[in-house]
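For reference, the structure is listed below as structure tokens.
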Ligand code: NAD
């Protein structure tokens, strides 16, 4: 049985992985080279917002199953299994920047003192597991020592906002390996998840790395497809919500990721689509659908800003009430959030903003620093609307689903409502006396067919 593991990187993936495994009874050492983060975590201060995470961290610090350190060397001496969950951000050409992985791996190589299983959970280009092996071998050879080790490609599929549940109940666990010994060891670690054997996909390392990129690229493409269909719906007078409903009932298509919106964002889809497209180019196997997806998604964000300015005309000194900044609900993550592009575009035309997001202000205040003189951060939804010329919903936080429409109307200078997440239906809002602009709601929603005699 494996009782003790180390996790390198205490971000959205590493901290959730470490905390949840500790909660399931393992002893976990979480390592990060950001000493400020580690000092905070030692006190139970969780630097990211992930529902439920703070309690789990606190509980397991108290139980002494979860410890935090900047000292990888010490952690290595106590653990045979080391999980890597450091960032792999995009470089200027879009390819994945492996410097954090390389630094972590070389440090392992510099300090390992016996057999180790190095499990890579970060999203990396195909071939990275082999590079990891090479870096370790180089470090061992510099030291003039030789230790046995295995590398596993074990990409993570958790989603921010539901990361704990996703980690506990994965659809599948992908394991890319060159040895059965390492596969057996990682299965011992994941034993606590009580998975069915059929949930494992055991393959080679390159295939495991490819599965992660192909999955994210496919989902990005699916949502982008619906964004384009939504645009066409507006032109031809169709309703995209009914289109999605009708399509989603086809088992070959499925209902998920058929909801149009302001474009995908976050720390995964944008960078992973660019990275896999770059791999395709380098290997002379271009992924033209993904290349188009990337362009269409950039366009979607601009299109949303244009939708607003087309409707409102001159935006000079207009005040816009904005609900939601994070790239999706239940997270503070604003990496590549559509809100950033949309606000930038509207600001270029002279708009000012009163904004409310339940959680993302810390992130917003530095990511939108250049717009600070144009932004007022508010304490709730309704404060944003007072004396604003229009309301824009950018992120579908649950609490925005049931706004008091009479209050919205009385606070706004004009009853103009841009709903970039289709939280409301056009007919309902128009009946309430609002000018409503959704995404792909080309016709009034008709809950009942009109009787004809
Ligand atoms: P993150 O940026 O939130 O966290 C990364 C952490 O690694 C940071 O705390 C950083 O300080 C630390 N770090 C960097 N270099 C280090 C080193 N040499 N030693 C120790 N710590 C180091 O990243 P994330 O969102 O958790 O993503 C991590 C990886 O998982 C990425 O490859 C990402 O694509 C992938 N992934 C992310 C998600 C997600 O929803 N965020 C989901 C699946 C997969």
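Residue numbers (the working numbering): 46 to 498.
In this text, a Cβ means the ideal position worked out from N, Cα and C, and glycines have one as well.
For chain C, is any of its Cβ atoms less than 8 Å away from the one on residue i?
i	result
residue 352	In the structure shown, chain C cannot be found, because there is only a single protein chain.
Mind checking which residues open and close the alpha helix (DSSP H) that includes residue i?
i	result
residue 436	No alpha helix (DSSP H) holds residue 436; the beta strand (DSSP E) holding it covers 435-438.
residue 422	No alpha helix (DSSP H) contains residue 422, which is instead part of the beta strand (DSSP E) from 420-422.
residue 318	314-327
residue 87	80-87
Can you tell me whether residue i is helix, strand or coil according to DSSP?
i	result
residue 361	coil
residue 491	Confidence is the limiting factor: at residue 491 the pLDDT is only 49, short of 50, which leaves the residue's position unreliable and the question unanswerable from this model.
residue 222	strand
residue 185	helix
residue 135	strand
residue 397	strand
residue 278	helix
residue 208	helix
residue 177	helix
residue 245	strand
residue 114	strand
residue 283	coil
Quick check: the Cα distance between residue i and residue j, rounded to an integer number of angstroms?
i	j	result
residue 330	residue 440	36 Å
residue 4	residue 435	Here the chain has residues from 46 to 498 only, and residue 4 is not among them.
residue 53	residue 77	6 Å
residue 492	residue 334	Low confidence applies to residue 492: its pLDDT is 45, below 50, so where it sits in the model is not reliable, and the reading given next is rough at best. Taking the straight line joining both Cα atoms gives about 36 Å.
residue 287	residue 252	37 Å
residue 165	residue 362	50 Å
residue 317	residue 285	27 Å
residue 132	residue 464	33 Å
residue 406	residue 246	40 Å
residue 184	residue 156	9 Å
residue 367	residue 401	6 Å
residue 302	residue 175	33 Å
residue 490	residue 291	Residue confidence for residue 490 is low, a pLDDT of 46 falling below 50, so the modelled location carries little weight and cannot support an answer.
residue 162	residue 126	5 Å
residue 114	residue 461	51 Å
Bridge partners of residue i, per DSSP?
i	result
residue 463	437, 482
residue 367	400, 437
residue 197	164, 222
Ligand 3 and residue i: does the residue's C-beta get closer than 7 Å to at least one heavy atom of that ligand?
i	result
residue 332	Ligands in the displayed structure: ligand 1; ligand 3 is not one of them.
Can you tell me where the beta strand (DSSP E) with residue i in it begins and where it stops?
i	result
residue 73	72-76
residue 162	161-165
residue 406	Here residue 406 belongs to no beta strand (DSSP E); instead the alpha helix (DSSP H) covers 406-412.
residue 127	126-129
Quiz item: Using 8 Å as the threshold, is the segment 193-213 in touch with the segment 226-238, meaning 3 or more CB pairs across them?
Solution: By the Cβ test, the segment 193-213 is in contact with the segment 226-238, since at least three Cβ pairs between them sit closer than 8 Å.
Quiz item: Per the contact definition of three or more C-beta pairs closer than 8 Å, is the segment 309-319 in contact with the segment 238-246?
Solution: Flag = no, the segment 238-246 and the segment 309-319 do not touch.
Quiz item: How do the segment 140-158 and the segment 89-105 stand: do at least 3 beta-carbon pairs fall below 8 Å, yes or no?
Solution: The way I'd put it, the segment 140-158 doesn't touch the segment 89-105; fewer than three beta-carbon pairs between them come closer than 8 Å.
Quiz item: Would you say the segment 446-459 touches the segment 421-433, given that touching needs at least three Cβ pairs under 8 Å?
Solution: Three or more Cβ pairs drawn from the segment 446-459 and the segment 421-433 lie within less than 8 Å of each other, which places the two stretches in contact.
Practice problem: Would you check if the segment 200-218 and the segment 268-281 touch, i.e. whether three or more CB-CB distances between them fall below 8 Å? | Solution: The count of Cβ pairs closer than 8 Å, one atom from the segment 268-281 and one from the segment 200-218, stays below three, leaving the stretches out of contact.
Quiz item: Do the segment 62-77 and the segment 97-110 make contact, defined as three or more Cβ pairs closer than 8 Å?
Solution: Contact between the segment 62-77 and the segment 97-110 is present, because at least three Cβ pairs lie under 8 Å.
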